[in-house]
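Read the structure below first, then the notes.
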Amino acid sequence: MFVDVTILDKQSLRIRGKNSSFVIDPGVEISKVAADAVLLLKDSKNDQGILRVTDYRVIIKGAGEYEVAGVRILVTKSDENFLYSLNVDNVGVLTARTSGLSKTQEAGDYNILILNVDCEFKETMVTGFSPSAVLLYGEKSEGALKMLGKKASKSQKFSMSADKLPAEMQVIILS
Numbered sequence: 000m001f002v003d004v005t006i007l008d009k010q011s012l013r014i015r016g017k018n019s020s021f022v023i024d025p026g027v028e029i030s031k032v033a034a035d036a037v038l039l040l041k042d043s044k045n046d047q048g049i050l051r052v053t054d055y056r057v058i059i060k061g062a063g064e065y066e067v068a069g070v071r072i073l074v075t076k077s078d079e080n081f082l083y084s085l086n087v088d089n090v091g092v093l094t095a096r097t098s099g100l101s102k103t104q105e106a107g108d109y110n111i112l113i114l115n116v117d118c119e120f121k122e123t124m125v126t127g128f129s130p131s132a133v134l135l136y137g138e139k140s141e142g143a144l145k146m147l148g149k150k151a152s153k154s155q156k157f158s159m160s161a162d163k164l165p166a167e168m169q170v171i172i173l174s
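In numbering that gives the first Met the number 0, the protein residues as written are 0 to 174.
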């Protein structure tokens with residue numbers, strides 16, 4: 000069982016597990032894509048990209064606890080941003096905008112940390128989570144990579160399974 004993370008455009012992602020699929024911040028430029036749920040990282044009135052997503056059962060844009068397609072989702076709000084904690088096929092995933100993460104004391108163990116780097120990045124945004132993989136995307140992702148001081152690979156897609164977690168943290172730029 001793998002968790003696949005695919006970039007759809009510069010601000011949109013799809014997270015897919017064995018029986019679940021989520022689209023994060025769909026943009027109006029993406030190709031039509033099916034998902035069980037749409038997750039919005041920012042409290043915004045401009046959500047026209049949702050029209051590009053088919054077959055979804057729910058749009059999540061508020062704090063709370065949810066369960067969609069067997070995946071438990073915990074959403075916390077930080078200013079105008081939402082932080083999503085998901086457990087997809089026994090892989091812990093946290094996805095957020097760095098502007099939301101910078102204003103919270105959120106911490107915990109996550110296998111995959113997915114960050115839309117939309118503000119000044121600090122290394123402490125990652126270290127409190129002990130991730131196996133950090134996936135960066137967004138307009139300031141290259142700057143974040145320099146702050147982490149790690150080598151990174153660039154890819155459109157990243158896959159990981161709970162039984163094959165890397166021993167050392169990997170950094171991937173989604174582009």
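Note that beta-carbon positions come from the ideal geometry of N, C-alpha and C, so glycine has one too.
The beta carbon of Leu173 is closer than 6 Å to those of Ile6, Leu134, Tyr136 in its chain, skipping five residues each way along the sequence. Under the DSSP definition of a beta bridge, Ser11 partners with Asp8. In the three-state reduction of the DSSP assignment, Met124 falls in the helix class, which pools H, G and I.
Taking Asn86 as the centre and dropping the five residues before and after it, the same chain places the C-beta of Arg71 closer than 6 Å to its C-beta, in chain order. Just so you know, the alpha carbons of Ser140 and Ala62 end up roughly 26 Å apart. For Thr75, the uninterrupted beta strand (DSSP E) run begins and ends at 70 to 77, by DSSP. The Cβ atoms of Met0 and Asp88 lie closer than 9 Å to each other.
Per DSSP, Gly99 is one residue of the alpha helix (DSSP H) stretching across 97 to 100. Around the C-beta of Asp117, 16 or more other C-beta atoms lie within 10 Å, and the residue is accordingly described as buried.
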